[in-house]
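Undergrad: Residue 242 in UniProt numbering sits at position 242 of the sequence shown, and the numbers go up by one each step. To start, I am sharing the structure in question, which I have written as structure tokens.
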Amino acid sequence: MPEPKAPQHTGELGQRYTELLHRAVFAKNPLVSEAALAEAADLGRTLIARAVPLEEVGELHHEALIQLAHDHPDLPLSQVAGQITAPLMEAYMAYSLAFREQLERRAEAIVNARLEQSRRLEAIGTLAAGIAHDFNNILGAILGFSELLGDELPADSAGRHHLAYIQQASFRARDLIARMLTFARAMADTPSAVELVSLTEETFKLLRVSLPATIQLAFAPPNRDAWVLAEPSQLQQIVMNLCINAADAIGDQPGSIQVAIQPIATAAGAMIRLRVEDDGEGMNDETLERVFDPFFTTKAPGKGSGLGLSVVHGLVTKLQGTIEVESTLGSGTRFLIDLPRLSHPDTTAPPTATGEAP
């Protein structure tokens, strides 16, 4: 009989598998057979713990059987078939159960992380709303008295010039407060059917004027209308914030922003997917975990408030949608937003829990 090929798994796992098959086949005592089955189950769990893929598990089975045949060439298959099947099945079952438990733990960890992020966003949103309202009252007094003071100063005076800077900074602060309130407040009770394709095309007209000429802005609309239930300003803010964030990631280098809209079917029902993708600098894992946190930003001081993506997250959540982000450092970023699709533009009721209009 020719020599078998050298097994690819010459380490501890392959040796353990071969030995337990030998014990199972030649066991005279039932206790020895039970011990072999218990070891087969332990081996299956060890294979998962060491991240051995399923195809390599099959190779372990094969190599152990080949080694058994090589060591005992005169042993008839009918004599050992039953003894071999039991440990093989035990190892496979233990492997499958351990794999399922591993997937369940990973899914639970993801859910818990998202719940923790939602609680953090809710707490920060409540705090931001309180601060924004109080600060808005102070800012109103600053703007009001500065306008009164401006009326008393000559147009060409240095004081009038300095006052203009005060008012300009105050207006910027007012815009920042408005974004904080947008993040914190509940969605308005007057959403309507909005055709996302035409609204995105209108938003692109504004973006092309504000974005650098070195950035190409491309839009891939679907071959049919895409209706969602929302306020037009909410959807416009989502598109603009994502595109501006993408432009910031590209920076001064030439780059492109790809925006696409397509109807999709998910377990939650019929959805409209908005995809915004750039070829900018991308994000590392640490940044990716905090990308939706309010006031978190990797931009230089004075270049960003850290509210853009948190506002997008809040708006998408209020519209009963989902948002996912995929990014690799140096390879760009992709945002995927799924919003409940309206089957008919005359629908005015909010989406149901399954994401479909009634």
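Glycine residues also receive a C-beta, built at the ideal position from the N, C-alpha and C atoms.
Residue 276 lies in the beta strand (DSSP E); which residues open and close that run?
TA: Within the sequence shown, numbered from 1, the residue matching residue 276 stands at position 276. Element bounds for residue 276: 269-278.
Undergrad: Between the C-alpha atoms of residue 131 and residue 233, what's the straight-line distance to the nearest angstrom?
TA: Locating residue 131 in the sequence shown gives position 131, counting from the first residue. Locating residue 233 in the sequence shown gives position 233, counting from the first residue. Their backbone Cα atoms lie some 24 Å apart in a straight line.
Undergrad: For residue 353, which residues of its own chain have a beta-carbon under 7 Å away from its beta-carbon, when the five flanking residues on both sides are left out?
TA: Along the sequence shown, read from residue 1 onward, the residue named residue 353 stands at position 353. With a pLDDT of only 38 at residue 353, under 50, the local geometry of the prediction cannot be trusted, and no value is derived from it.
Undergrad: At a cut-off of 8 Å, is residue 55 close to the ligand COA when judged by its beta-carbon and the heavy atoms of the ligand?
TA: Judged by which ligands are present, the structure shown has none, so any question about the ligand COA falls away.
Undergrad: Can you check DSSP and say which residues form a bridge with residue 220?
TA: Here residue 220 refers to the residue found at position 220 of the sequence shown. Answer by DSSP bridge pairing, in chain order: 260.
Undergrad: When DSSP builds the beta bridges, which residues end up paired with residue 157?
TA: Here residue 157 is taken as the residue at index 157 of the sequence shown, counted from 1. Paired residue(s): none; residue 157 is not in a bridge.
Undergrad: Can you look up residue 192 in the DSSP assignment and give me helix, strand or coil?
TA: Taking the sequence shown and counting its residues from 1, one reaches residue 192 at position 192. Strand at residue 192.
Undergrad: Quick check: what's the CA-CA separation for residue 168 versus residue 264?
TA: The sequence position of residue 168 within the sequence shown is 168, counting from 1. The sequence position of residue 264 within the sequence shown is 264, counting from 1. When rounded, the distance between both Cα atoms is 44 Å.
Undergrad: In three-state terms, what does DSSP make of residue 87?
TA: In the sequence shown, counting from the first residue as 1, residue 87 sits at position 87. Helix, per DSSP.
Undergrad: Do residue 24 and residue 87 count as a contact pair if the criterion is CB distance below 9 Å?
TA: One-based indexing of the sequence shown puts residue 87 at position 87. One-based indexing of the sequence shown puts residue 24 at position 24. Yes, they are a contact pair.
Undergrad: Kindly list the residues whose CB is nearer than 6 Å to the CB of residue 214, restricted to its own chain and excluding five residues on each side of it in sequence; keep chain order.
TA: Taking the first residue of the sequence shown as 1, we reach residue 214 at position 214. Around residue 214: 254.
Undergrad: On a CA-only basis, which of 333, 59 and 95 is nearest residue 18? Give me that one, please.
TA: In the sequence shown, residue 18 corresponds to position 18, counting from 1. Closest option to residue 18, Cα to Cα, is 59.
Undergrad: Using DSSP bridges, identify the partner residues of residue 66.
TA: Residue 66 sits at position 66 when you count from the first residue of the sequence shown. Looking at the DSSP assignment, residue 66 forms no beta bridge with any residue, so it has no partner.
Undergrad: Give me the residue from 209, 163 and 319 with the minimum Cα distance to residue 243.
TA: Counting from 1 along the sequence shown, the entry for residue 243 is found at position 243. Comparing Cα positions, the closest option is 209.
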